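Count the sequence shown with my numbering and you get residues 9 to 115, in order. Below is one structure, written out as structure tokens, with a few remarks after it.
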Amino acid sequence: MVARIFKVKTPTFIKTITGFIEVVTRKLYEEWVTSQLKVTTMRALVTSGHTFNNFPCALYATDVTFQQSNRPSGSMAEAIPFYSAKHKFEIGSDLSEAESDTTQMPR
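Structural data, given as structure tokens:
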């Protein structure tokens, strides 16, 4: 649907957006994640009592919700199952490890 706003075909739009995200990802990661390592240390978080309850050794948390966009046309009652919280999960990470903790969110 967004591709129609720009008057391009969906595969072309997806390829363009994916390319853009690949270009800006490294810069955004540097500005929002890596730069915080110089400012916020685990020692400072632990001594100030600002750690996470469920995963105290994580420096930051990311909350992502995946929402399916190709829902069936029809009434909102038919579309509601595509807008549930069942796809939500949280990942706590540390830059020294690829993945530290993955938590499936309860309904």
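Backbone N, C-alpha and C define an ideal beta-carbon position, used for all residues, glycine too. The structure presented is a predicted model; accordingly, all values stated were derived computationally and were not measured.
What does the alpha-carbon distance come out to for the pair Ser43 and Asn61?
24 Å
Pull up the CB-CB distance for Val10 and Phe21, whole angstroms please, since I reckon it's below 8 Å.
7 Å
Using the beta-carbon count (16 or more within 10 Å), is Ala52 buried or exposed?
exposed
Have a look at Glu38 and Val47 and give me their C-alpha separation to the nearest angstrom.
13 Å
Express the C-alpha separation of Ala69 and Lys15 in angstroms, rounding to a whole number.
C-alpha separation (whole angstroms): 37 Å.
Where does Ala85 land, buried or exposed, given buried means 16+ other C-beta within 10 angstroms?
So Ala85 ends up on the exposed side.
Which residues bound the alpha helix (DSSP H) around Ser83?
That residue, Ser83, is in no alpha helix (DSSP H); it is neither H nor E in DSSP.
Measure the alpha-carbon distance for Pro64 versus Met50 and round it to whole angstroms.
When rounded, the distance between both Cα atoms is 9 Å.
From the DSSP output, in three-state form, read off Val54 for me.
helix
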